[in-house]
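Enquirer: Protein chains in written order, with my numbering: chain A, 797 to 1138; chain B, 797 to 1138; chain C, 797 to 1138.
This structure is in structure tokens; I'll ask about it shortly.
Structure representation (structure tokens):
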């Protein structure tokens, strides 16, 4: 792959400056690793590192400062441009679309066109695999699972019976979709008897689930993840959770059972919620937030129990003053005693 | 499946009121989804939602209010009744009891009667699989593993060598039983050399382990989980832990190594303990508790470091007053200065 | 296996006291389980339990007290001696070095000498498996993966394309090496479009990764784990992390993306960091530390946000006094009012 800076500016719908438009670029790399034939990018606070980079051309936003006469392509969203450049210079390797003779595909499963099912994968009775899906080795697809088009299931994924996947769903290795929810009846003798988990999981279009994350099937009805929601590694979604569209859930997030969550929420790492609550849309929960009650829309929250971010900052700041406060109050006590003795 | 309300009341050992005893019920659903031919249930605080439900009959406790003349079956434990109704109307699908020709079963393994071992599962030398066990695809059962009767191992489960499972054990997908404990000797040159983990894991009867949870084998002797203990997803039990009977451990709980835990303890989500401590019985640890010392019996604890729940509530309440306290002390300081200047 | 105490003292490079040097020892066990023919060990605070042990001989350090005339072998590092005794009395079972006819090994993969590849494992095109590696069932080794000598990959491990493993790397069951990093471009319409994760993961010599832990591949370049670093279960390392040598990361630790970490750091359970920070060497982060900024060398830190351990202790102590402080300030207020009314 070889592109001129002019071609790249056009591809990125950007403008270029200080450059020989015929300069040939052959790769995309990080600021530190890039050489004279590479394109790189920066966003604040990394823009200042551009001066030290050996990259042939750099992608910046119109708001970033000029670069001492060095070649720059300006675009609105340099991170987005970087993603486009990766797709141009490092396209994903094509997977051969064939059903391996070493895979097990039940005769009643329906497999679409242009599908790859690799060795040692297991497709159960009544499963439907949409056109263009890629199923890596050691994947289990349970009975009557329905999968849309162009899904990718990486090695060692489990999708249990009756779950439904939209189009372009990506399941990273070790993800478990539709494991039994954690539901028991506590008996008088102290034992816990299992409540059958008879529902399923529905993942909308463009959902991605990270490595070793778990989304439990509903007790009845469905655990639902809305279209465009992206889930990182080692995340837990409990039974009967309903998550909206375009949410982001970072690693180690834990959502208890029967929680309803709106659209466009971000849960940073290790954030968690109690069960049976409702969370609106457009909220941001800072890392390790612990949400223990309903939340409306458009909040930025932090702490445990989670509170509005600004209040949390104040609380945290005040707590750091407690040591001084203890000393101060002792002094005041002495002053008062002196006054009393006058 | 079709049952009259009378038959259902009998099945649930309850009483019915306001009903045509011959009304036919064909399914069990949640309050919101249920229609006129469905039975549903409610427990506080959801009982008030019954009025809006279209369910043909609802299961409530004798303590719940009357339902405006609508049909009700009264039982002591509505949640337990719901579990029974799920077993009646939505019995688990039977798994064909056959050893797949695509599974690997070592010639020295002993496989009981009525066992299913599905394709691509691997049963090692000397393993014993009890009667009625169901082993899904991609399960690994190591050398000399002993498994009681009627266990269920979902896809992608690993049970390492020499581990012992009781009867009716359920391992959800991705669970790892008997992985090496995290044990090293720190050498003077800064390196860490591995301590062989030569023990095993013993799971009692009716233990359930959630998706992608890990129970490490002991360094010597056994990591033990007592009968009836239920473990949720993504939980970590360290080497040489000994957990009693009928405990509940929710998602993301982490128990460090060499911890001894009694019976009937509940660890809510993300709760964790330090290593080498002893915890009694009948304790409840709130979500994200951090237990750093021994704990007796019958405590409800919260916070990090974990403290009695009521103390924790007081502490949390007092901490929220620190901001005001800072202001108040400044005012008092001024008052004192005034007094001093008089 | 049968060794005299004299032979064992020699093997451990220790000295023995109070003993019949010809006493025959046949096993190594914990203090509680050991019998008269077993050797055991203790380190503080467990040394006092030695008196109750039935062990034939015990390993202690020269600093520990005498044991009432009972046989003792003295060594500098009793825990290290215990590890050596486990290797002597309980050597790991040899795995038959053969490539199973039920494994899939791509014709272009290069498999070294003395390698075991067990049934249902999948070795992709261009992969290189070094001499002496042991690959258990259900392992996926992606395209062009390079693996050094004597690595052990337990069942259900995934190593994605282009990752590189050093010598003697151990991957516990369910570990995922090289899953996609969590990278998206946030579009104006609220959707998140995937950034291709085109880099890889490099694990140094003697790295161990615990069960169901995840190390994400870099967006570009490499996520790196230095030689000798040991990672426990359910740990998350984000894309482009660079971790130094001989670190220890306990269960449920989460390191966000683009974090640079030096050598010899210990992260206790559930500790976590924000992204894009730099951490020096020789630091100890207590359990559940939350690191939100750069950290130098040689620190012991705790709390969230993480602060120096001693400060954290003071802060925690002062916070426990807030309840009393509130009362005290109310009293002072009354005293001041009295003074004002005089």
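Think of the CB as a built atom: it goes at the ideal place given N, C-alpha and C, for glycine as much as any other residue.
Taking 7 Å as the limit between beta carbons, can you name the residues of its chain near residue 989 of chain A, skipping five residues before and five after?
Expert: Correct list, in chain order: 980, 981, 983.
Enquirer: How far does the beta strand (DSSP E) with residue 1019 of chain A in it extend, from its first residue to its last?
Expert: Per DSSP, residue 1019 of chain A belongs to the beta strand (DSSP E) from 1018-1021.
Enquirer: Excluding the five sequence neighbours on either side, which residues of its own chain have a C-beta within less than 6 Å of the C-beta of residue 1003 of chain C, listed in chain order?
Expert: Here the set comprises 965, 1021, 1025.
Enquirer: Buried or exposed: which applies to residue 904 of chain B, given that a residue is buried once 16 or more other Cβ atoms fall within 10 Å of its Cβ?
Expert: Flag for residue 904 of chain B reads exposed.
Enquirer: Can you grab the Cα-Cα spacing for the pair residue 1019 of chain C / residue 1062 of chain C, in whole Å?
Expert: Approximately 19 Å, taken between the alpha carbons.
Enquirer: For the alpha helix (DSSP H) containing residue 1113 of chain C, list its first residue and its last residue.
Expert: That run of the alpha helix (DSSP H) goes 1105-1115.
Enquirer: If we count the other Cβ atoms within 10 Å of its Cβ and call it buried at 16 or more, is residue 996 of chain B buried or exposed?
Expert: That one is buried.
Enquirer: Rounded to a whole number of angstroms, what is the C-alpha to C-alpha distance between residue 931 of chain B and residue 881 of chain B?
Expert: Going from the Cα of residue 931 of chain B to the Cα of residue 881 of chain B covers about 26 Å.
Enquirer: Does DSSP classify residue 984 of chain B as helix, strand or coil?
Expert: The answer is coil: DSSP assigns residue 984 of chain B none of H, G, I, E or B.
Enquirer: Answer with buried or exposed for residue 1066 of chain A, where buried requires no fewer than 16 other C-beta atoms within 10 angstroms of its C-beta.
Expert: The residue in question, residue 1066 of chain A, is buried, as its Cβ has 16 or more Cβ neighbours within 10 Å.
Enquirer: Could you check which residue in B/1047, B/802, B/832 has the C-alpha nearest to that of residue 1012 of chain A?
Expert: Minimum Cα distance to residue 1012 of chain A is reached at B/1047.
Enquirer: Residue 891 of chain B: buried (16+ other C-beta within 10 angstroms of its C-beta) or exposed?
Expert: Looking at its Cβ environment, which holds fewer than 16 other Cβ atoms inside 10 Å, residue 891 of chain B is exposed.
Enquirer: Just to confirm before moving on: does the CB-CB distance between residue 1057 of chain A and residue 1038 of chain A stay below 8 Å?
Expert: Yes, the pair counts as a contact, with Cβ atoms nearer than the cut-off.
Enquirer: Between the stretch 1058-1079 of chain A and chain C, which residues of the former have CB atoms less than 8 Å from a CB of the latter, in chain order?
Expert: Those would be 1059, 1060, 1065, 1066, in chain order.
Enquirer: Less than 8 Å between the beta carbons of residue 924 of chain C and residue 906 of chain C, yes or no?
Expert: Cβ distance < 8 Å, so residue 924 of chain C and residue 906 of chain C count as in contact.
Enquirer: Report buried or exposed for residue 889 of chain A, applying the criterion of at least 16 other Cβ atoms within 10 angstroms of its Cβ.
Expert: It is exposed - the Cβ of residue 889 of chain A has fewer than 16 other Cβ atoms within 10 Å.
Enquirer: Who are the Cβ neighbours of residue 1006 of chain B in its own chain at under 6 Å, not counting the five residues just before and after it?
Expert: Only 968, 1027, 1028, 1029 meet the Cβ criterion.
Enquirer: Indicate whether residue 1086 of chain C and residue 1101 of chain C have their beta-carbon atoms separated by less than 8 Å.
Expert: It is a contact, given that the beta carbons lie within the stated cut-off.
Enquirer: Do we get a CB-CB distance below 8 Å when we pair residue 1109 of chain C with the residues of chain B?
Expert: Not one chain B Cβ lies under 8 Å of residue 1109 of chain C.
Enquirer: Using a cut-off of 7 Å between C-beta atoms, extract the partners of residue 1114 of chain A located in chain B.
Expert: Simply 1118, 1119, 1122.
Enquirer: Taking C-beta pairs closer than 9 Å, name the residues in chain B that residue 980 of chain A reaches, listed in chain order.
Expert: The contacting residues are 879, 1004, 1026, 1044.
Enquirer: Report yes or no: is there a C-beta of chain A within less than 8 Å of the C-beta of residue 816 of chain B?
Expert: Chain A, which has no Cβ nearer than 8 Å to the Cβ of residue 816 of chain B, makes this no.
Enquirer: Can you give me the C-alpha to C-alpha distance between residue 1139 of chain B and residue 994 of chain A, rounded to a whole angstrom?
Expert: Any property of residue 1139 of chain B remains undetermined from this structure, which presents chain B solely from 797 to 1138.
Enquirer: Whose C-beta lies closer than 6 Å to the C-beta of residue 971 of chain C among residues of the same chain, with five residues either side of it excluded?
Expert: Hits under 6 Å: 953, 1005, 1009.
Enquirer: Mind pulling the chain B residues with CB within less than 8 Å of residue 1125 of chain C?
Expert: By Cβ distance, chain B contributes 1121, 1124, 1125, 1128.
Enquirer: Taking Cβ-Cβ distances below 8 Å as the criterion, which residues of the stretch 820-838 of chain B are in contact with chain A?
Expert: Cβ contacts with chain A: 824, 825, 826, 829.
Enquirer: Less than 8 Å between the beta carbons of residue 1118 of chain A and residue 1118 of chain C, yes or no?
Expert: Yes, the Cβ-Cβ distance between residue 1118 of chain A and residue 1118 of chain C is below 8 Å.
Enquirer: Can you check the stretch 797-868 of chain A for any alpha helix (DSSP H) of at least 4 residues that lies completely inside it and give the ranges in chain order?
Expert: The qualifying runs are 801-807.
Enquirer: In this structure, how does DSSP classify residue 879 of chain A when only helix, strand and coil are distinguished?
Expert: Looking at residue 879 of chain A - three-state DSSP - the assignment turns out to be helix.
Enquirer: What distance in whole Å lies between the Cβ atoms of residue 834 of chain A and residue 851 of chain A, which are believed to be in contact at a cut-off of 8 Å?
Expert: About 5 Å separates the two Cβ atoms, so the contact holds.
Enquirer: Take residue 844 of chain B as the anchor and find which of B/831, B/978, B/898, B/860 has the nearest alpha-carbon.
Expert: Closest option to residue 844 of chain B, Cα to Cα, is B/860.
Enquirer: Residues of the stretch 1009-1043 of chain A with a CB closer than 7 Å to any CB of chain C: list them in chain order, please.
Expert: The stretch 1009-1043 of chain A vs chain C, Cβ under 7 Å: 1024, 1026, 1028, 1029, 1030, 1042.
Enquirer: Output yes if chain C places a C-beta closer than 8 Å to the C-beta of residue 991 of chain B; else output no.
Expert: Yes, because at least one Cβ of chain C sits closer than 8 Å to the Cβ of residue 991 of chain B.
Enquirer: Interface residues of chain B around residue 900 of chain C at Cβ under 8 Å?
Expert: Here the premise fails: no neighbours, minimum Cβ distance about 11 Å.
Enquirer: Can you tell which of C/1082, C/1084, C/1089 has its C-alpha closest to the C-alpha of residue 1076 of chain C?
Expert: Considering only alpha carbons, the answer is C/1089.
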